[in-house]
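One structure is given here, and the rest of the page talks about it.
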Amino acid sequence: MPVEPVYRAEISRVSILDEHGRFDGALGADLIPDADVVALYEHMLLCRTLDEIAFKLQRSGRMGTYPQNMGQEAASLGAAYALDRRDWMVTCYRENAGLFWHGVPPELILLHWMGDERGNHIPADVQATPISIPIGTQMLHAAGLAWAEKLRKTGAIACTFFGDGATSEGDFHEAANFAANLDLPVIFVCQNNGWAISVPSRIQSSAPTFAQRGLAYGMESIQVDGNDLFAVVYVMRDAIRRAREQSRPTFIEAVTYRLRDHTTADDARRYRDAEELAAWEKRDPLVRLRGWLESRRLWSPDQEAAAKERSQSEVNAIVARAEGIAAPAAGDFFNHMYAELPDELRRQRDTMRTSSLGQDPSECSREPSPPPSPAHAH
Ligand SMILES: Cc1ncc(C[n+]2csc(CCOP(=O)(O)OP(=O)(O)O)c2C)c(N)n1
Ligand SMILES: [Mg+2]
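Numbers given in my numbering equal positions in the sequence shown, counted from 1, plus 128.
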């Protein structure tokens, strides 16, 4: 019996605008109209400004822990640009740029990180789920949403985002298995930023690419320079076509890097080399896109200065809106779980912030009961 190969595979990597400013005219021509590239660049600038201001809000005690998105803007924005408004964006916490483009009001995301769960209340006409902090749960939601859209024949698809670390969670494997075997119109975008907090991706996976994890489930899988907006749009369009026309999933590994700490509770200098960071700063998606615009005389220093000023005032207005939302009444905590509040919880609500929390108010006014006799004391 001869031994012969039964399966061979290859993972391609797509790059259109590289870190040295070289542009692949064959793939990149007519991909994005110039006016849209300008709008996308301005949007990235706004998101980066928001990221910097959110960091300062955390440092000055006006916001809780915050995960900076800096350096990863192109991946989610390129994806959101390629998607329709009817499609679902099912994200974790480093996709502000894509979420805002898709229509999520930025003040909601700030509200979330300010600790107000109403920040998770996405407007009904925006197809996005609340940002997922538990690692990996959202991929299953995306598979479910894609399945529902398929059964309803709406033509809408789902696109989910997660990190390199999330691919080690069981949830990812369940979602990928469902998506591939039930022919679901879902796109898995893995933002491989090299790290899961302090765990480098080489410990997360001993395979040379994360895209192979999609391949293992029988779905089309590809790697893309995640800091190259053009390349992300290119691979997304291909994946969207596959999802809409063939109801098949795609795994996209977007190689990127977070240029800041994991969150404001982290200090990446303790585990990352300065040289590694410096190398990735040169691949910054904003710098790269600005270079492209300037080389085509679509952007000038004056426009840059004006856009920066606009971003500042827009972000100030976003922060004012987030901080201007009145704090919820403490009782709301109890009010939205049950149609009729159980007695025990009603007692807790009525006695909260008193020294008799949870006791029957009618009994609270009685004389305190005598101390237990020594025979019953422990
Ligand atoms: C289920 C679960 N386990 C652990 C954590 C703690 N945690 C928060 S972020 C993170 C690392 C995630 O790494 P990755 O998926 O690569 O995303 P990145 O933060 O790099 O974008 C971990 C372990 C969590 N939030 N949820
Ligand atoms: Mg990561």
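Every residue gets a Cβ at the ideal spot worked out from N, C-alpha and C, and that includes glycine. All figures in this text were calculated on a predicted structure; none of them were measured in a lab.
Can you tell me whether residue 355 sits near ligand 1, meaning its C-beta is under 7 angstroms from at least one heavy atom of the ligand?
The residue labelled residue 355 in the question sits at position 227 within the sequence shown. Flag unset: Cβ of residue 355 not near ligand 1.
Out of 392, 402, 421 and 457, state which residue places its alpha-carbon closest to the alpha-carbon of residue 189.
For this step, residue 189 is matched to residue 61 along the sequence shown. Nearest C-alpha to residue 189: 392.
Could you have a look at residue 141 and say whether DSSP puts it in helix, strand or coil?
By one-based count along the sequence shown, residue 141 stands at place 13. It is a strand residue.
Rank 326, 331, 285 and 165 by C-alpha distance to the C-alpha of residue 314 and give the top, closest one.
Walking along the sequence shown from the start, residue 314 turns up at place 186. Checking every option, the nearest Cα to that of residue 314 belongs to 285.
Regarding residue 207 and ligand 2, is the C-beta to nearest heavy atom distance less than 7 angstroms?
As a position in the sequence shown, residue 207 is number 79, starting the count at 1. No, the Cβ of residue 207 stays beyond 7 angstroms of every heavy atom of ligand 2.
Entirely within the stretch 254-305 and at least 4 residues each: give me those alpha helix (DSSP H) ranges in chain order.
Taking only runs of at least 4 residues, the alpha helix (DSSP H) segments lying wholly in the stretch 254-305 are 265-280.
Nearest-angstrom Cα distance between residue 352 and residue 471?
The count along the sequence shown starts at 1 and reaches residue 352 at position 224. The count along the sequence shown starts at 1 and reaches residue 471 at position 343. Their Cα atoms are separated by approximately 56 angstroms.
Compare the Cα-Cα distances from residue 197 to each of 212, 374, 213 and 220 and report the closest residue.
Position 69 of the sequence shown, counted from the start, is the residue given in the question as residue 197. It is 220.
From the DSSP output, in three-state form, read off residue 453 for me.
Numbered from its first residue, the sequence shown carries residue 453 at position 325. Coil at residue 453, not helix or strand.
Go through its chain and collect everything with a Cβ distance to residue 175's Cβ below 6 angstroms, but skip five positions before and after it.
As a first step, residue 175 must be located in the sequence shown, where it is residue number 47. Around residue 175: 201, 224 and 225.
So what does residue 351 bridge to, in DSSP terms?
As a working mapping, residue 351 is identified with position 223 in the sequence shown. Answer is 141 and 381.
Mind reading off the beta-carbon distance from residue 263 to residue 443? Whole number of angstroms is fine, and I expect it under 8 angstroms.
The residue you call residue 263 lines up with position 135 of the sequence shown. The residue you call residue 443 lines up with position 315 of the sequence shown. In fact, because the Cβ distance is near 28 angstroms, the residues do not count as touching under 8 angstroms.
May I ask you to check if the CB of residue 413 is nearer than 7 angstroms to at least one heavy atom of ligand 1?
Here residue 413 refers to the residue found at position 285 when the sequence shown is read from its first residue. Checking every heavy atom of ligand 1 against the Cβ of residue 413, none is found closer than 7 angstroms.
Are there 16 or more other CB atoms within 10 angstroms of the CB of residue 150, so buried, or fewer, so exposed?
As a working note, residue 150 is residue 22 in the sequence shown. Looking at its Cβ environment, which holds fewer than 16 other Cβ atoms inside 10 Å, residue 150 is exposed.
Whole angstroms is fine: what's the gap from residue 199's alpha carbon to residue 354's?
Taking the first residue of the sequence shown as 1, we reach residue 199 at position 71. Taking the first residue of the sequence shown as 1, we reach residue 354 at position 226. For residue 199 and residue 354, the distance between alpha carbons rounds to 10 angstroms.
Does the stretch 248-263 come close enough to the stretch 231-238 that 3 or more CB-CB pairs lie under 8 angstroms?
They touch, by the three-pair rule.
Could you please give the first and the last residue of the uninterrupted beta strand (DSSP E) stretch that includes residue 216?
Indexing the sequence shown from 1 puts residue 216 at position 88. That run of the beta strand (DSSP E) goes 216-218.
Can you give me the Cβ contacts of residue 362 inside the same chain, cut-off strictly under 7 angstroms, excluding the 5 residues immediately before and after it?
Within the sequence shown, residue 362 is the residue found at index 234, counting from 1. Around residue 362: 142, 144, 155 and 159.
Going along the chain, which unbroken runs of the beta strand (DSSP E) with 3 or more residues stay wholly within the stretch 148-219?
Counting whole runs of 3 or more residues, the stretch 148-219 contains the beta strand (DSSP E) stretches 216-218.
Any idea what DSSP makes of residue 495, helix, strand or coil?
Residue mapping note: residue 495 aligns to position 367 of the sequence shown, counting from 1. With a pLDDT of 49 at residue 495, under the threshold of 50, the modelled position of this residue cannot be trusted; read the value that follows with caution. Residue state, collapsed to three classes: coil.
Would you kindly work out how many angstroms separate the C-alpha atoms of residue 346 and residue 335, rounded to a whole number?
Within the sequence shown, residue 346 is the residue found at index 218, counting from 1. Within the sequence shown, residue 335 is the residue found at index 207, counting from 1. If you take the alpha carbons of residue 346 and residue 335, they lie about 17 angstroms apart.
Would you check if the distance between the CB atom of residue 349 and the CB atom of residue 343 is smaller than 8 angstroms?
Translated into positions along the sequence shown, residue 349 becomes position 221. Translated into positions along the sequence shown, residue 343 becomes position 215. For residue 349 and residue 343, yes; Cβs fall inside 8 angstroms.
What number of angstroms, rounded off, separates the C-alpha of residue 249 from the C-alpha of residue 270?
The sequence position of residue 249 within the sequence shown is 121, counting from 1. The sequence position of residue 270 within the sequence shown is 142, counting from 1. Their backbone Cα atoms lie some 18 angstroms apart in a straight line.
With distances taken from CA atoms, which of 191, 278, 327 and 466 is nearest residue 237?
By one-based count along the sequence shown, residue 237 stands at place 109. Measuring from the Cα of residue 237, the nearest candidate turns out to be 191.
How would you label residue 485, buried or exposed, when you count the other beta carbons within 10 angstroms and need 16 or more for buried?
Against the sequence shown, residue 485 aligns to sequence position 357. Residue 485 comes out exposed.
Can you tell me which of the three DSSP states residue 431 falls into?
Position 303 of the sequence shown holds residue 431. Three-state result, residue 431: helix.
What number of angstroms, rounded off, separates the C-alpha of residue 312 from the C-alpha of residue 382?
Working through the sequence shown from its first residue, we reach residue 312 at position 184. Working through the sequence shown from its first residue, we reach residue 382 at position 254. Going from the Cα of residue 312 to the Cα of residue 382 covers about 21 angstroms.
Looking at ligand 2, does it come within less than 7 angstroms of residue 471, judged from the CB to the closest heavy atom?
To locate residue 471, count along the sequence shown from 1; it is residue 343. No, the Cβ of residue 471 stays beyond 7 angstroms of every heavy atom of ligand 2.
Quick one: residues with CB closer than 6 angstroms to any heavy atom of ligand 2, in chain order, please.
Residues flagged by the Cβ proximity filter: 291, 292, 293, 321, 323 and 324.
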